[in-house]
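Residues in the sequence shown are numbered consecutively from 950, following my numbering. Where is the CB? At the ideal position from N, CA and C, for every residue including glycine. Contents: one structure, followed by commentary.
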Amino acid sequence: MSVPPRLSVDFYDDDGFDWEAAVQEIDRACAFASASAPAPAPAPAPTPAPVHHPLPPRPPEPSASAPLHRPPAAGGGTARQSTLDRFVDSFTKRRLEKERPAPAPVQAASWGVGVEPVGGGLGRPGVRAGEGCSGQANERAVEDRFIESFTRRQQEKERAASEVAPALAGGQGRPAARAGKGCSGRGNRAGKGCSRRPSMEIEYGLCAVSLDHEAVKTWIYPTNVEVREYQKYMVEKALFTNTLIALPTGLGKTFIAAVVMYNYFRWFPEGKIIFTCPSRPLVTQQIEACHNTVGIPQEWIIDMKGDQCPSIRSVHWKSKRVFFVTPQVLQNDIQSGICMVQQIVCLVIDEAHRASGNYAYCMVIRELLAARVPLRILALTATPGSKHSDIQSVIDNLNISELIYCDEEDSRVNQYVNTRKVELVQVPFGSDATQVADMLLDIIRPHINRLRDAGVIDHRDYSNWTQFELLKFKDKFKEVPPPNIHEIERGEIERSFVILGPLCHTRKLLLSHGTQFAHGYLDKRLKGGSLNLMHKNEFFWRLKEKMKLSSSHSITPKVQELKRLMVEHFNTDSNLKDSRIIIFSHYRESVNEIYCSLQDIDDKLVRPVEFIGQSSAGNQLKGQSQKTQQAILKKFRSGVYNVLVATSIGEEGLDIIEVDLVICFDANVSPLRMIQRMGRTGRKNEGRVDILL
């Protein structure tokens, strides 16, 4: 790849400095001088060894994929040494000229109560009076670029050493952000032991947008609504530190985000502020919520949609300042280059507990850190994780410095929490379902015994095995098979693993969703070929016939109990006629079964609607488009529908304050998802959660 004859390099961006191109530029100058100069006369005596002047430290060795520097052709040694000597002399002279006593620190303007100058937190360099956040380097000769870059590198190393030493010695100054710090002693337990991501791990470039020095002297907090001290505290933290806020549903996480966004909108007149949500309904909801909270002009706000062509989104990235977007669209636009990443000053991440593995949230943060973008990150969730490792993973993946956690019993928030009554409803299993469960165990038992006898699984009860646990033992067996097992026996063990997976999952579905749903799943596995080994098993075909017969009789006991609870809820009090109910079930087929069973109830009392995701992959029921989802939520809020039968898409973030009853049709979901479900009620008035067992 050819190198341009002259480079325009931002010498403030040390890590972006192209050392190889600069050395090549010196080489070309040496080669040119050598070619144009007359050949030197033979030296009468050996030339004394040259004096080595102090040069800038060598840059890191290039990677295997980087182009290696090659010296110029032979014959240019004298001219090369002369060029390098001139460069060193120039460096020494300019370095002496630039050395002068450090200027006295500028006295900061007086700050209001609760206001703190920007730059105190992770990722945002402090700004001196009279200095903007941007500085385009003038085009310079290679000597100037080396001198400035080397000088700044040395100053940064000295400054970093002076800052780290007092911190390690327990010196004074701004205290390090403490992840795990809650609003109260009780709140500390959720994040206990989680460590903040050290700010020294990341090197940031300078901000590419200008700072309004008058606006940054203050930060604004709305007083036209009730001022809650915990919200004000969290806003102040989030303004100056990368913060993860874990706050129960309905306590104003969106309000906190809107205030932070508005202040960054004021401070950086050319900066980009981004609010990311994991689903389109949440994006639409948060746009409205933020607009009602703070006065960001509508002409600066845009709802970025994935179905827009990239050229249109590119225009929006250039002309707008506040963006509401899903993380997948944001990731794609960063990777394609149409997102103006260097102008991003604030990123809000909703439902931050999703930030694990290669989810789009994690990929976006990695892209921004790789680009050395100095932005503020605010992450929001009601459930940071059920395990210490999960919480720490979110902290690491989102580059968080401060974790603030409050639960509903915390003294600062409990006065704002409405009572939520949780009832466990035990539903009789039914004689048909009991017979089917026993027949399933009779088929499962011999295969479990075979695996036990071979020593490849433990000796827990037959009914306690799940498909996921069996898969882990299967993988372990395939990786390291016991040496005492012969080839024939090994094949039988592998066949038992193949059979047990779908059979154990069928039993799980039978217990949680009933015979009809379990029979549908078994049919799919049989057609898909995963149960081909059962074709000659007489007990299996008896089981299937029994399930088919039981499914045709009537609706399952759980659905019957569900209908009873709903009718009882609406008939108990005339004031509840305008209330709303959300029913959660994990599977689309189950949602459809529940929805169909509710059709025979008087529509003056119960008006149900399905609410499911967009994807239509595999054998799933066809998904709903974004437009359909938004229309359903609008009609649900207005009262056209009063019962929402939803999959997991309805668990996160939906702000429907009129919901008085949440019914969890399946209780065997993760604790995190159960908390999300329960958070849909008790937001404005007292609420109730019924969990069907």
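On the DSSP letters alone, give me the boundaries of the beta strand (DSSP E) that residue i sits inside.
| i | result |
| --- | --- |
| Lys1507 | Not the beta strand (DSSP E): Lys1507 falls in the alpha helix (DSSP H), residues 1506-1521. |
| Lys1370 | 1369-1374 |
| Arg1637 | 1636-1641 |
| Ile1250 | 1250-1252 |
When the Cα atoms are used, what is the spatial distance from residue i to residue j?
| i | j | result |
| --- | --- | --- |
| Leu1514 | Ser1587 | 23 angstroms |
| Gly1636 | His1518 | 12 angstroms |
| Arg1315 | Leu1347 | 9 angstroms |
| Leu1317 | His1468 | 48 angstroms |
| Ser1263 | Asn1363 | 45 angstroms |
| Leu1306 | Glu1372 | A quick correction: the sequence has Gly, not Leu, at residue 1306. Rounded to whole angstroms, Gly1306 to Glu1372 spans 35 angstroms at the Cα level. |
| Asp1445 | Val1555 | Note on residue identity: the sequence assigns Ser, not Asp, to residue 1445. Taking the straight line from one Cα to the other gives about 47 angstroms. |
| Ser1546 | Ile1442 | 42 angstroms |
| Lys1141 | Gln1257 | Here the model assigns Lys1141 a pLDDT of 49, short of 50, so the residue's position is not dependable and the matter cannot be decided. |
| Ser1268 | Val1343 | 32 angstroms |
| His1302 | Asn1433 | 45 angstroms |
| Glu1300 | Tyr1354 | 14 angstroms |
| Gln1465 | Lys1497 | 8 angstroms |
| Glu1436 | Pro1430 | 10 angstroms |
| Ile1349 | Asp1410 | 43 angstroms |
| Gln1280 | Met1289 | 12 angstroms |
| Ser1461 | Thr1383 | 13 angstroms |
| Ile1532 | Pro1276 | 27 angstroms |
| Pro1333 | Asp1472 | 38 angstroms |
| Ser1501 | Lys1476 | 20 angstroms |
| Lys1512 | Gln1247 | 44 angstroms |
| Asn1592 | Ile1530 | Correcting the residue identity first, residue 1592 is Val in this sequence and not Asn. Distance between the alpha carbons of Val1592 and Ile1530: 5 angstroms. |
What does DSSP give as the partner residues of residue i in its beta bridges?
| i | result |
| --- | --- |
| Cys1295 | Ile1222, Arg1325 |
| Leu1480 | Looking at the DSSP assignment, Leu1480 forms no beta bridge with any residue, so it has no partner. |
| Ile1532 | Val1594, Ile1612 |
| Thr1330 | Ala1195 |
Tell me whether residue i sits in a helix, a strand or coil according to DSSP, three-state version.
| i | result |
| --- | --- |
| Asp1527 | helix |
| Val1055 | Confidence is the limiting factor: at Val1055 the pLDDT is only 38, short of 50, which leaves the residue's position unreliable and the question unanswerable from this model. |
| Val1274 | strand |
| Phe1560 | strand |
| Asp1282 | helix |
| Ser1387 | In the sequence under discussion, the amino acid at residue 1387 is Asp, which differs from the Ser named in the question. In this structure, Asp1387 counts as helix in the three-state DSSP scheme. |
| Asp1381 | helix |
| Ile1167 | In the sequence under discussion, the amino acid at residue 1167 is Thr, which differs from the Ile named in the question. Reduced to three states, the DSSP call for Thr1167 is coil. |
| Gln1579 | helix |
| Ser1335 | coil |
| Met1289 | coil |
| Ser1305 | coil |
| Ala1238 | helix |
| Glu1443 | helix |
| Gly1469 | helix |
| Asn1363 | helix |
| Pro1395 | helix |
| Lys1584 | helix |
| Asp1256 | coil |
| Arg1491 | helix |
| Lys1571 | coil |
| His1162 | coil |
| Lys1485 | coil |
| Trp1060 | Note that Trp1060 scores a pLDDT of 35, beneath 50, so its modelled location is shaky and nothing firm can be said. |
| Glu1175 | coil |
| Cys1453 | helix |
| Lys1497 | helix |
Which stretch, first to last residue, makes up the alpha helix (DSSP H) that contains residue i?
| i | result |
| --- | --- |
| Val1184 | 1178-1189 |
| Pro1259 | 1259-1268 |
| Lys1202 | 1202-1216 |
| Ala1309 | 1309-1319 |
| Leu1424 | It should be pointed out that residue 1424 corresponds to Asp in this sequence rather than to Leu. That run of the alpha helix (DSSP H) goes 1416-1428. |
| Ser1654 | Absent from the structure is residue 1654, since the part of the chain shown begins at 950 and ends at 1642. |
Would you check if the stretch 1230-1249 and the stretch 1179-1194 touch, i.e. whether three or more CB-CB distances between them fall below 8 angstroms? No: fewer than three Cβ pairs fall under 8 angstroms.
Can you confirm whether the stretch 1414-1426 touches the stretch 1452-1462 when touching is taken to mean that 3 or more C-beta pairs between the two stretches lie within less than 8 angstroms? The stretch 1452-1462, when compared against the stretch 1414-1426, does touch it at the 8 angstroms Cβ threshold.
Taking one C-beta from the stretch 1218-1230 and one from the stretch 1288-1308 each time, how about it: are there three or more such pairs within less than 8 angstroms? Enough Cβ pairs lie closer than 8 angstroms, so yes.
I want to know whether the stretch 1386-1396 touches the stretch 1206-1223 - three or more CB-CB distances under 8 angstroms. Below 8 angstroms, too few C-beta pairs join the stretch 1386-1396 and the stretch 1206-1223 to call them touching: fewer than three.
For the 8 angstroms Cβ check, are there 3 or more pairs between the stretch 1159-1170 and the stretch 1320-1327? With a cut-off of 8 angstroms, the stretch 1320-1327 and the stretch 1159-1170 do not count as touching, because too few Cβ pairs lie within range.
May I ask you to verify whether the stretch 1168-1184 touches the stretch 1198-1210, counting CB pairs closer than 8 angstroms and requiring at least 3? With the cut-off at 8 angstroms, the stretch 1168-1184 and the stretch 1198-1210 touch.
The stretch 1239-1257 in contact with the stretch 1206-1216 per 3-pair CB rule at 8 angstroms: By the C-beta criterion, the stretch 1239-1257 is judged to be in contact with the stretch 1206-1216, since at least 3 inter-stretch pairs fall below 8 angstroms.
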